[in-house]
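Each remark here refers to the structure printed beneath this line.
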Amino acid sequence: MQKVLSKMKRVASFVLILLIASSFAVNPALAAINPIIYERPVKVRLTVKNPSTQVIGNKGLYKLTNLENNQVFMLRPNTTLTSTKTSTGTNVKLGGINIHSSKGFLATEMAGAAKLVSFTGTTEARTGASTTSPVKITYVSGETSEFVSETSVNGEAWFIIKGKDGSQLAVKKGSTTVLENAPALSLFTVTGNGKTYRGSFQIETTNTIINQLALELYLKGVVPNESYSSWHIEALKAQAVTARSYAAYKGITGILNDGQSDQVYKGYGTEVSATNRAVDETKNKVVTYNGKVIMTFYYSSSGGRTANYSEVWNPTSVPYYKSVNDQYDFQSTKDFGVQHNSKWQYAVSASELLSRLATQKKISAEVAASTLYGLNLTNVNGPGTEVNGIILETSSGPISLTGKKENEVRSYFPTTKGSLSYNLPSSWFTITANKEYAVQNNDSQQSVFSIKNATIQKTDGVSILNDANVSIQMANTVVTKPADPKSIIIDGKGFGHRIGMSQFGAQGYAKYANWDYKKILTHYFQGTQITDL
0 MQKVLSKMKR VASFVLILLI ASSFAVNPAL AAINPIIYER PVKVRLTVKN PSTQVIGNKG
60 LYKLTNLENN QVFMLRPNTT LTSTKTSTGT NVKLGGINIH SSKGFLATEM AGAAKLVSFT
120 GTTEARTGAS TTSPVKITYV SGETSEFVSE TSVNGEAWFI IKGKDGSQLA VKKGSTTVLE
180 NAPALSLFTV TGNGKTYRGS FQIETTNTII NQLALELYLK GVVPNESYSS WHIEALKAQA
240 VTARSYAAYK GITGILNDGQ SDQVYKGYGT EVSATNRAVD ETKNKVVTYN GKVIMTFYYS
300 SSGGRTANYS EVWNPTSVPY YKSVNDQYDF QSTKDFGVQH NSKWQYAVSA SELLSRLATQ
360 KKISAEVAAS TLYGLNLTNV NGPGTEVNGI ILETSSGPIS LTGKKENEVR SYFPTTKGSL
420 SYNLPSSWFT ITANKEYAVQ NNDSQQSVFS IKNATIQKTD GVSILNDANV SIQMANTVVT
480 KPADPKSIII DGKGFGHRIG MSQFGAQGYA KYANWDYKKI LTHYFQGTQI TDL
């Protein structure tokens with residue numbers, strides 16, 4: 000009987016140890032890590048210097064998924080991930096993680112954990128707090144897990160974690176385990192452009208990065224980069240609603256770019272309190288026409304009047320893109336020392352104009368080397384309206400480039416800033432063409448803009464004029480002038496396509512007319528309403 004009792008005690012003791020080893024003290028408040036669900040998510044393709052190799056600083060809590068096989072890794076915060084483009088896809092490396100994918104990777108933003116158990120080396124996660132319990136998952140350096148609780152069995156200390164498969168597991172405390180606080184805010188930094196972003200990110204097979212985040216958080220990285228944070232709050236609100244409407248129209252179902260082809264987005268690192276306030280105080284507000292969100296175009300400066308859609312981009316008129324006066328546009332640009340955005344002037348030479356047209360393959364190299372005799376503009380609706388083309392008279396014959404859209408017309412005339420060449424700021428301009436030379440032919444005289452590369456008769460024969468300057472004998476003196484003077488003067492107004500809202504004009508109406516953002520928007524977008532998404 001005593002032997003039986005003794006045996007029963009040993010069995011009971013064994014069962015007790017087994018129960019201790021295989022049962023975990025769970026703290027439900029800590030076991031709550033989940034993906035963040037974004038309200039109205041948008042995707043933005045990020046611009047980087049060298050897309051073949053991306054270095055991403057992970058400052059948050061992210062779950063990395065291989066989109067080829069759904070393999071999952073929970074990434075330890077404050078680590079660096081390197082992705083490299085290969086001939087068959089993308090390779091990702093972080094600590095002991097080194098994996099390849101032919102379909103790319105998705106790093107999903109996670110939240111809900113107060114503490115994490117992170118790994119600095121290979122670590123076995125077991126089904127029970129005992130070295131005899133089966134190993135279910137082996138973690139490597141660079142991974143982390145959700146901390147649930149701590150326990151001690153037979154003098155051995157264990158972390159109880161929530162495994163990446165969702166089960167509760169035990170890892171032995173040691174040199175490869177670290178208990179640390181979970182980050183309050185998840186951010187990631189892209190070394191290729193030096194910017195920090197909110198949200199999740201996807202690494203495509205081309206190794207480009209797509210930022211995924213909530214629409215309202217996206218706007219906080221747009222508004223300070225599309226306007227001045229010191230502007231009147233109502234102007235900032237107008238910018239926030241315009242940017243939201245643009246993204247809602249285009250970005251909800253597609254991928255936005257982070258530059259001027261869509262909206263300038265530079266992420267979390269550029270957020271400021273004033274523009275964040277403008278986003279928050281207009282949450283979900285958009286511009287609509289007949290109950291539908293519209294594509295809300297905007298630009299820097301109108302020059303005093305916005306353009307009709309039909310005069311700039313497409314012969315079809317759009318009812319809410321009608322030309323309206325913009326009376327405070329110039330004053331607003333002047334306030335910020337950029338009045339050249341509203342009114343501007345450039346001078347170009349005949350050879351610069353012809354060379355630019357040849358570079359764009361609008362004329363041949365032979366025509367570019369000819370002499371320019373005349374230059375005229377064509378306008379959509381007569382003199383003083385939007386320019387839609389140019390007509391050239393050259394020694395090679397007439398050249399007609401008419402019926403063009405504003406972007407193309409603006410590209411015909413080169414403007415320089417330092418060593419860089421730009422297009423004209425807008426398509427609302429006039430020209431003054433000064434022919435500074437007269438060339439005597441056999442039986443007539445021809446006025447020209449330039450005598451560069453002209454053939455001249457000298458006392459000792461024929462010569463090509465290829466010097467930058469020429470010396471002209473006057474009655475009592477010699478005058479030196481450029482052979483190819485900048486004699487084509489271009490006077491214009493506005494900066495941008497001038498369709499929709501002028502950003503400086505909006506600031507002017509807020510500051511000088513005390514308009515609120517709704518009045519500003521319904522002025523620039525005629526016949527529209529401001530409603531909720």
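What the sequence shown shows, in numbering that gives the first Met the number 0, is residues 0 to 532, in sequence order. For every residue, glycine included, the Cβ atom is placed at its ideal position computed from N, Cα and C. Remember, predicted model here, so these are calculated numbers, not experimental data.
Checklist entry - Apart from the five residues on each side of it in sequence, which residues of its chain come closer than 8 Å, Cβ to Cβ, to leucine 60? => result If you ignore the 5 residues before and after leucine 60, its C-beta comes within less than 8 Å of the C-beta of Ile32, Met73, Leu74, Pro76, Glu108, Met109, Ala110, Ala112, Leu115, Thr143, Ala181, Pro182 and Ser185, all in its own chain and listed in chain order.
Item to check | Proximal residues to lysine 194 (C-beta, below 6 Å), its chain only, five neighbours per side dropped | outcome: Listed in chain order, the non-local C-beta contacts of lysine 194 below 6 Å within the same chain comprise Lys265, Gly266 and Gly268, local neighbours out to five positions each way being set aside.
Item to check | Unbroken stretches of the beta strand (DSSP E), 3 residues or longer, contained in the segment 202-240 | outcome: Listed in chain order, the complete beta strand (DSSP E) runs (minimum 3 residues) inside the segment 202-240 are 208-213.
Item to check | Segment contact flag, the segment 395-404 with the segment 338-346, C-beta cutoff 8 Å, min 3 pairs | outcome: Cβ pair count under 8 Å is below three, so no.
Checklist entry - Which of helix, strand or coil does DSSP assign to serine 51? => result In this structure, serine 51 counts as coil in the three-state DSSP scheme.
Item to check | C-alpha gap between lysine 333 and serine 443, whole angstroms | outcome: Each residue's Cα considered, the two are about 49 Å apart.
Item to check | Three or more C-beta pairs below 8 Å linking the segment 502-510 and the segment 214-233 | outcome: Enough Cβ pairs lie closer than 8 Å, so yes.
Checklist entry - Near threonine 83, what residues of its chain come up, given a Cβ to Cβ distance below 6 Å and the 5 sequence neighbours on each side ignored? => result Only Thr52 and Asn90 meet the Cβ criterion.
Checklist entry - Which whole-angstrom value is the C-beta distance of alanine 213 and arginine 44, which I expect to be below 8 Å? => result Wrong, their Cβ atoms sit about 17 Å apart, outside the cutoff.
Checklist entry - Going by alpha carbons, who is nearest to threonine 241 out of Thr281, Asn49 and Gly253? => result Out of Thr281, Asn49 and Gly253, Thr281 has the C-alpha closest to the C-alpha of threonine 241.
Checklist entry - So, is leucine 80 buried or exposed, given that buried needs 16 or more other C-beta atoms within 10 angstroms? => result Taking every protein chain shown into account, the CB of leucine 80 has 16 or more other CB atoms within 10 angstroms, so this residue is buried.
Checklist entry - Nearest-angstrom Cα distance between glycine 493 and glycine 94? => result Those two C-alpha atoms are separated by around 52 Å.
Checklist entry - Looking only at C-alpha atoms, which of Asn275, Glu435 and Asn210 sits nearest to glycine 602? => result Residue coverage of the chain in this structure runs from 0 to 532, which leaves residue 602 outside it and unanswerable.
Item to check | Burial state of isoleucine 489 (16 or more Cβ within 10 Å) | outcome: When all chains shown are included, isoleucine 489 counts as buried.
Checklist entry - If we ignore side chains and look at the alpha-carbon of each, how far apart do isoleucine 519 and tyrosine 298 end up? => result Tyrosine 298 has its alpha-carbon roughly 14 Å from the corresponding atom of isoleucine 519.
Checklist entry - Ordered along the chain, which non-local residues of its own chain (more than five positions away) have a Cβ less than 8 Å from that of glycine 88? => result Within the same chain, glycine 88 has close Cβ partners Glu67, His99, Ser100, Ser101, Lys102, Gly103 and Thr204.
Next on the checklist: Cutting at 8 Å between CB atoms, please list the residues of its own chain near glutamine 528, excluding the five before and the five after it.
Outcome noted: Cβ contact annotation for glutamine 528 (same chain, cutoff 8 Å, sequence separation greater than five): Val286, Thr287, Tyr288 and Thr521, in chain order.
Next on the checklist: Give me the DSSP bridge partner(s) of aspartate 490.
Outcome noted: In DSSP, aspartate 490 forms a bridge with Gln344 and Thr429.
Checklist entry - Between aspartate 257 and the rest of its own chain, which residues show a CB-CB distance below 6 Å, the 5 nearest in sequence each way excluded? => result The answer, listed in chain order, is Val43, Leu45, Thr46 and Tyr264.
Next on the checklist: Comparing C-alpha positions only, which one of Leu168, Leu356 and Tyr516 sits nearest to valine 366?
Outcome noted: Comparing Cα-Cα distances from valine 366 to each of Leu168, Leu356 and Tyr516, the minimum goes to Leu356.
Next on the checklist: Is lysine 404 near the ligand PLP - that is, is its Cβ less than 7 Å away from at least one heavy atom of it?
Outcome noted: Looking for the ligand PLP in the displayed structure turns up nothing, as the structure carries no ligands at all.
Checklist entry - Among Leu218, Thr176 and Glu392, which residue has its Cα nearest to the Cα of glycine 120? => result Of the residues Leu218, Thr176 and Glu392, the one whose Cα lies closest to the Cα of glycine 120 is Thr176.
Next on the checklist: Whole angstroms are fine: how far does the CA of serine 151 sit from the CA of proline 223?
Outcome noted: Approximately 53 Å, taken between the alpha carbons.
Checklist entry - Can you check whether the CB of isoleucine 390 is closer than 8 Å to the CB of asparagine 375? => result Yes, the pair counts as a contact, with Cβ atoms nearer than the cut-off.
Next on the checklist: For a test of the three-state rule: what should DSSP assign to leucine 115, helix, strand or coil?
Outcome noted: Judged by DSSP in its simplified three-state form, leucine 115 adopts strand.
Next on the checklist: Can you find the residues in the same chain that come closer than 6 Å, C-beta to C-beta, to alanine 234, ignoring five residues on each side of it along the sequence?
Outcome noted: Excluding residues within five positions, the ones whose Cβ falls inside 6 Å are Ala505, Gln506 and Ala509.
Item to check | Neighbourhood of threonine 429 by C-beta distance below 6 Å, restricted to the same chain and skipping five residues each side | outcome: Excluding its 5 nearest sequence neighbours in each direction, threonine 429 has C-beta neighbours in its own chain below 6 Å: Asp490, listed in chain order.
Item to check | aspartate 261 to phenylalanine 412 span [Cα, whole Å] | outcome: Within the model, the alpha-carbon separation for aspartate 261 versus phenylalanine 412 is close to 24 Å.
Checklist entry - Roughly how many angstroms separate the alpha carbons of aspartate 279 and leucine 532, rounded to a whole number? => result Straight-line spacing of the CA atoms in aspartate 279 and leucine 532 works out to 14 Å.
Checklist entry - Can you tell me whether DSSP reads tyrosine 516 as helix, strand or coil? => result Tyrosine 516 falls in the helix class under three-state DSSP.
Checklist entry - So glutamine 525 packs on proline 318, CB below 8 Å; how close in whole Å? => result Between glutamine 525 and proline 318 the beta-carbon gap is near 7 Å, inside 8 Å, which marks them as a contact.
Item to check | Simplified DSSP state of alanine 155, which is helix, strand or coil | outcome: Sequence check: residue 155 is glutamate here, not alanine. Glutamate 155: strand per DSSP, three-state reduction.
Checklist entry - How many whole angstroms separate the CB atoms of leucine 178 and arginine 125, which I take to be in contact at a CB cut-off of 8 Å? => result Leucine 178 to arginine 125, Cβ: 18 Å. No contact.
Checklist entry - With which residues is tyrosine 320 paired in a DSSP beta bridge? => result Tyrosine 320 pairs with nothing; no bridge assigned.
Next on the checklist: For a quick check, are the C-beta atoms of leucine 216 and arginine 197 less than 8 Å apart?
Outcome noted: Yes, they are a contact pair.
Checklist entry - Between which two residues does the beta strand (DSSP E) containing phenylalanine 503 stretch? => result No beta strand (DSSP E) contains phenylalanine 503, which is instead part of the alpha helix (DSSP H) from 502-511.
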